[in-house]
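J.: Remember, the numbering used here sits 140 above the position in the sequence shown when you count from 1.
Mind looking over this structure? Questions follow.
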Amino acid sequence: MNKIISFGGGVNSVAMTIMLYKRGEIYPLVFADTMAEHPETYCYMDYFEREFLSKYGQKIIKITPFETPQYYWPAQKGISLEDYFIKCKSVPLAFQPACSVSYKRHPLSQYAMRPHIIGFALDEKNRATNDIYPLIENSITRQGCINIIRNEGLKIPRKSGCFFCANQRICEWEELYRKNSELYKRAMALENNSHLTIRSDYSLTILKERFEAQGWKRLIDYDYEELTPCMCIT
């Protein structure tokens with residue numbers, strides 16, 4: 141198979157796709173679905189297909205542990221990332237990208253031979269390995285990616301990633317709690333089931349109590365910020 145774009149549904153991969161397609165470099169977009177992405181990411185993918193990819197006769201190819209189990213390791217076949225953590229009585233942990241490897245990188249590498257085309261921006265050049273990185277090659281930063289999307293007249297996607305990602309900042313957990321409390325409860329259930337915490341400083345139960353407290357001052361979120369980006373494709 142020819143090269144593929146490893147598509148994450150976030151700012152970088154959307155901007156990279158726009159840049160490549162407008163240069164006439166049309167490659168298939170492949171999205172490895174953990175079945176636990178933010179709802180806004182799924183909505184944006186539909187929007188991007190309709191408003192941009194349709195002009196090129198393209199759709200996003202989705203691989204999942206249910207519909208395409210042949211690309212997954214035996215332990216991940218037919219089970220979502222969320223249910224996998226429940227079954228193993230575990231939680232995602234920062235600095236340990238096992239979930240990204242099992243549910244993103246490995247199935248993509250089984251779907252198509254590497255190198256893949258990956259949307260790491262210039263700000264993330266330290267993450268580059270042996271794949272193809274058009275944004276880095278063209279010295280495009282994350283802000284440059286935002287500009288590319290805006291210049292195309294498209295909406296800016298939210299940061300991609302699982303709703304229970306361990307690299308989320310406290311403000312992102314608060315946003316999840318206030319905008320989609322059911323997903324926050326499901327993330328709490330992972331902690332309760334495993335007796336582990338996703339974050340190293342606070343459990344999601346404690347954060348919930350603080351989010352609800354009247355007059356509570358927002359915690360200063362020094363912890364992971366941009367220092368430890370999620371290892372998933374953005």
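The C-beta atom is built at its ideal place from N, Cα and C for all residues, glycine as well.
Small disclaimer: the values here were computed from a predicted structure and weren't measured.
#1: For D173, I'd like the list of residues in its chain whose CB is within less than 6 Å of its CB, leaving aside the five on either flank, ordered along the chain.
#2: How close, in whole Å, do the beta carbons of E292 and I158 come, if the pair is a contact with beta carbons under 8 Å?
#3: C302 and E177 look like a contact to me (Cβ under 8 Å); what is the Cβ gap, rounded to whole Å?
#4: So if DSSP puts L169 in a beta bridge, which residue, or which two residues, is it bridged to?
#5: Would you call the region 227-247 and the region 333-344 in contact, with 3 or more CB pairs under 8 Å?
#6: Which partner residues does C302 have in the DSSP bridge list?
#7: In the structure shown, what three-state DSSP assignment does I296 receive?
#8: Any idea what DSSP makes of Q236, helix, strand or coil?
#9: Leaving out the 5 sequence neighbours to the left and right, which residues in its chain are closer than 8 Å to L160 when beta-carbon positions are compared?
#10: Between K244 and S300, what straight-line distance do the alpha-carbon atoms span, to the nearest angstrom?
#11: Taking all protein chains shown into account, do 16 or more other C-beta atoms lie within 10 angstroms of the C-beta of Y196, making it buried, or fewer, making it exposed?
#12: Exposed or buried, F235, counting other C-beta atoms within 10 Å across all chains shown (16 or more means buried)?
#13: Report yes if the CB atom of I296 is closer than 8 Å to the CB atom of V151, and no otherwise.
#14: What are the complete alpha helix (DSSP H) segments, minimum 4 residues, inside the region 208-296?
#15: Shortest alpha-carbon distance to R290 belongs to which of E191, G148, R318, L347?
#16: For I219 and F206, I'd like the C-alpha separation in whole angstroms.
#17: In chain order, what residues of the same chain have a beta carbon less than 7 Å from the beta carbon of L323, not counting five sequence neighbours either side?
#18: Taking the straight line between their C-alpha atoms, what separation do you get for G284 and F260?
#19: What number of angstroms, rounded off, separates the C-alpha of M253 from the C-alpha of R350?
#20: If D271 sits next to P255, beta carbons under 8 Å apart, how far is it from one beta carbon to the other, in whole angstroms?
T.: For this structure:
#1: K202, T204
#2: 5 Å
#3: 6 Å
#4: I145, I200
#5: yes
#6: E177
#7: coil
#8: strand
#9: I145, I166, Y167, I257, P274
#10: 13 Å
#11: exposed
#12: exposed
#13: yes
#14: 221-228, 246-251, 274-277, 282-291
#15: E191
#16: 7 Å
#17: F303, L316
#18: 12 Å
#19: 47 Å
#20: 4 Å
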